[in-house]
Each structure stands twice: as structure tokens, then as C-alpha cells.
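Reading the sequence shown from the start, the letters are residues 1 to 269 in the UniProt record's numbering. Structure first, then comments.
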Amino acid sequence: MIHVTGKTEQGASIVDLQSWFENAPPAGGAAQWKDYRSAKELARAWCDSGSMECPHELKEALNRDPATRGLTIEQAVAEMEIGFDEFRGGKRNADLALWGTASAGHRVAVTVEAKADESLGPTVQKQLDDAPIDRGSNIPTRVERLSCGIVGHSVDDEIKPLRYQLFHALAATAKLAKTKDATHGILMIHEFVSLTLDFDKFTENGNDLKKFIQAIPGWETATLKCGDLLPPIQLPGSESVPNDVLVSIGKIRTLIPLGLGGRGNTKST
1 MIHVTGKTEQ GASIVDLQSW FENAPPAGGA AQWKDYRSAK ELARAWCDSG SMECPHELKE
61 ALNRDPATRG LTIEQAVAEM EIGFDEFRGG KRNADLALWG TASAGHRVAV TVEAKADESL
121 GPTVQKQLDD APIDRGSNIP TRVERLSCGI VGHSVDDEIK PLRYQLFHAL AATAKLAKTK
181 DATHGILMIH EFVSLTLDFD KFTENGNDLK KFIQAIPGWE TATLKCGDLL PPIQLPGSES
241 VPNDVLVSIG KIRTLIPLGL GGRGNTKST
């Protein structure tokens, strides 16, 4: 059984679906905690066996890389805040963060971004446009550091249409790896697919992820398939983004049959 806590490493223990909601509710609270939506389904994926266990989809993806194979998880934290710069606010709320040691001895840190068809959030351009510059906002500096640290150059017309949330998430993954003395940091996208989805939104998320990946040096021609990890790379780095850990992005998918009775028979692809 994996030790899972809510919000922080010292947070209250999570042992089932109810305690997950009580100790690490999503930002939208009960309105967001719905069957077939990502927050609740991520929790269910970890709780459904009757104890806190790593979903087989995640295990199988990690086992594809010798460096992350056989990961023994020390702890997982739901809704963990991860800061990556000195500015107030703007911390990354990872749906789930975890870390441990792989069979080969490598320290590994993983952040999980759960998605059904929920939006990946505003673009970089929108994030900049909404910054209250007249009140001395740090957002432009934060965005610039993220751009330089992840794609290796300042924000330009190619970067502005990309989803800011993905920059935020990858930077936080690298920072978590650094904090946990890990050599490898993985941003894992966990998709939850059912017939309740808006598949136009689901497809848009996939396209946005592909554009983000291919903007990063080393992954310009990469294609991420379900169940796989991208080849690990070192990011260009900046004041906000460590460049001395290897990072990767992975994607896994859980298919959820309609009807409560089918949940015990979820399948991965």
C-alpha cells in the first residue's frame, strides 16, 4: 500500500475515495468531483483496488524505460503545490505528485496531470494579456523565464499560442525532481475517456500537447503515443527551470465504461 497524503508531505493520510476528497479536493470542490471527470477518476484509479495502489497504466508506462522501470514509490501527494520561482502565488497544483527509486537505482519524480475533456487553460498570449501590469505583476517575468527555460528562447509568435499550463506543469516537474534529488522527472498526462466526453475538446487537448512538445529542443519531431514516454532530455534551463535533471513527458489512458458496474473493468490503451 502506497503512502498518499493530501496537499503536502505532512498532510492527512488518504486511504480511500472519501478521504481523498476530504483531504485533497479539486479547486472546484464538489462541483468538480463528478463521475467521469478527471479529479474523481484519478482518485478512483488509485483507490479502486481497496487500498492505495499505483494504477497499472502508470506502472506499464514507467516500465518502458530502463531508467524508470520498477519504481518503488516512497510517497504520493494529491493536489500538491509546487513552487518554481521566488514570486508570490503562481504555484503549480499537481493533481498528484510522487517520487521514489527505480530498480536501476535512479531517483524518479512524477507529476500527474489528469484530464477528461477539461481545458488545458489559457494560452501564453492570454496569460500575458491578463497580467495586471499597472500593479507591477510578476507574470511577464515568470512567463519569460518559463519560455527560456523550456524552449530555450524568449516568448515569440510561435510560443504565444501554446498552453501556459503545460509550461507550468513541466517546470514544476523538473523542480520536484530537483527537490527530491531525482535524476529523472516525468510529467504524466493521464486521460480518462468515456462516452460522456466532448470529443472535440478532447482532440483539441491532444493537438495542444503535440504543439507544446514539438516546440521543445530535442522533441521537435517527437510523437507521444498512449502508454509511452518521450526520450528523456535536459531542458535549456533558466532561473525558474532546472537544467540538470532529465525530463520526459508520458501519456496514459483509462477507458471508463458507462454505468457504475463497469468501473471495476476499466481498460487501458
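We put the CB at the ideal spot given by N, CA and C, even for glycine.
Answer with buried or exposed for residue i, where buried requires no fewer than 16 other C-beta atoms within 10 angstroms of its C-beta.
i      : result
PHE199 : exposed
GLN214 : exposed
GLY6   : buried
PRO26  : buried
ILE133 : exposed
HIS104 : Looking at the sequence provided, one finds Ala at residue 104 rather than His. Burial call: exposed.
SER240 : buried
ALA116 : buried
GLU81  : exposed
LYS175 : buried
GLN165 : buried
GLY185 : buried
ARG64  : exposed
ASP244 : exposed
When the Cα of residue i is compared with those of the options, which residue comes out closest?
i      : options                        : result
ASP35  : GLY218, ILE73, PRO236, THR196  : THR196
ASP181 : GLY206, ALA114, ALA109, SER248 : ALA109
ARG107 : GLU158, GLY259, LYS178         : LYS178
ILE189 : GLN75, ALA39, VAL124           : ALA39
VAL247 : ILE82, ASP85, ALA172           : ALA172
TRP99  : ASP117, GLY83, LEU71           : LEU71
VAL124 : VAL155, CYS148, GLU113         : VAL155
PRO236 : THR221, SER147, ASN138         : SER147
ALA169 : GLU41, THR183, ASP85, ALA94    : ALA94
MET52  : ALA174, LEU58, HIS3, LEU96     : HIS3
ALA97  : THR141, LEU42, ARG142, PRO140  : LEU42
ASP129 : VAL143, LEU209, LEU120         : VAL143
GLN161 : LEU58, ASP228, LEU209          : Note that residue 161 corresponds to Pro in the displayed sequence, not to Gln. The candidate whose alpha carbon is nearest that of PRO161 is LEU209.
LEU120 : GLY136, PHE212, ALA61          : PHE212
SER13  : GLU158, ARG88, ILE216, VAL77   : VAL77
CYS226 : LEU17, GLY136, ALA102, LEU62   : LEU62
SER49  : GLU60, GLN32, LEU17            : LEU17
PRO257 : ARG88, GLU204, PHE192, GLY206  : PHE192
GLY217 : PHE84, GLY28, ILE233           : Per the sequence shown, the amino acid found at residue 217 is Pro instead of Gly. With distances taken between Cα atoms, PRO217 lies closest to ILE233.
For residue i and residue j, I'd like the C-alpha separation in whole angstroms.
i           : j      : result
PRO66       : GLY250 : 15 Å
THR68       : HIS56  : 14 Å
THR254      : ARG37  : 12 Å
residue 272 : ILE150 : Absent from the structure is residue 272, since the part of the chain shown begins at 1 and ends at 269.
LYS267      : LYS126 : Note that LYS267 has pLDDT 46, beneath the 50 cutoff, so the model's placement of it is unreliable and the number below is only indicative. Going by the C-alpha atoms only, they are around 37 Å apart.
ALA30       : PHE21  : 9 Å
ASN138      : GLY90  : 10 Å
GLY152      : PRO140 : 16 Å
SER19       : GLU113 : 20 Å
SER194      : LEU230 : 25 Å
MET1        : THR183 : 25 Å
GLY136      : TRP219 : 35 Å
ILE252      : ILE159 : 26 Å
GLY206      : ARG88  : 31 Å
TRP33       : GLY259 : 17 Å
GLY11       : PHE167 : 27 Å
VAL15       : ASP157 : 46 Å
How many whole angstroms separate the CB atoms of residue i and residue j, which I take to be in contact at a CB cut-off of 8 Å?
i      : j      : result
ALA24  : GLU79  : 4 Å
ILE73  : CYS54  : 6 Å
GLN75  : GLU9   : 6 Å
THR111 : LEU187 : 6 Å
What ranges does the beta strand (DSSP E) occupy inside the segment 168-199, keeping only unbroken runs of at least 3 residues that lie completely in it?
184-193, all fully within the segment 168-199.
Enumerate, from N- to C-terminal direction, the unbroken alpha helix (DSSP H) stretches of 4 or more residues contained entirely within the segment 106-173.
Residue ranges of uninterrupted alpha helix (DSSP H) with 4 or more members, entirely inside the segment 106-173 and ordered along the chain, are 124-129, 139-151.
Return the chain-ordered ranges of every beta strand (DSSP E) run that is complete within the segment 42-96 and spans a minimum of 3 residues.
Segments of the beta strand (DSSP E) lying fully in the segment 42-96: 72-82.
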